[in-house]
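A.B. asks: Dropping a structure here in structure tokens format, bear with me for questions.
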Amino acid sequence: MNAAAISELQATAALLDDRAARIESAGDVLATRAATATWSGPAADRFRLLMVERRNELRAGALALRDAAHAVRTAAL
Numbered sequence: 363m364n365a366a367a368i369s370e371l372q373a374t375a376a377l378l379d380d381r382a383a384r385i386e387s388a389g390d391v392l393a394t395r396a397a398t399a400t401w402s403g404p405a406a407d408r409f410r411l412l413m414v415e416r417r418n419e420l421r422a423g424a425l426a427l428r429d430a431a432h433a434v435r436t437a438a439l
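Residue numbers (our numbering): 363 to 439.
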């Protein structure tokens, strides 16, 4: 593999890692804001639970992106 292809793969892996971090951070912010909202009652509780579930889904997506970044880096070797 030539140097340009390796460099491009490394840049792609870095981009995947960056996007994973952004997605994970967004999920954390979402769950934190839902947890600290002054809204109360059964609907608020359901909403907060839903936001925690969404955060977990975003974390899973971020993990998949990190796994892809690792695979791309391995391919560049």
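Every residue gets a Cβ at the ideal spot worked out from N, C-alpha and C, and that includes glycine.
All figures in this text were calculated on a predicted structure; none of them were measured in a lab.
Report yes if the C-beta distance between A424 and A375 is below 7 Å; otherwise report no.
C.D. replies: The Cβ atoms of A424 and A375 lie no closer than 7 Å to each other.
A.B. asks: Below 6 Å CB to CB, which residues in the same chain sit around A438 once its five sequence neighbours on both sides are set aside?
C.D. replies: I368, L371 and Q372
A.B. asks: Go through its chain and collect everything with a Cβ distance to V414's Cβ below 7 Å, but skip five positions before and after it.
C.D. replies: Once the five neighbours on either side are set aside, the close Cβ partners of V414 are A393.
A.B. asks: Just confirm the distance between the C-beta atoms of E386 and R410, as a whole number of angstroms; I'd bet it's less than 8 Å.
C.D. replies: Beta-carbon to beta-carbon, E386 and R410 are separated by about 19 Å, too far to satisfy the 8 Å threshold.
A.B. asks: Can you give me the C-alpha to C-alpha distance between D407 and R416, rounded to a whole angstrom?
C.D. replies: 14 Å
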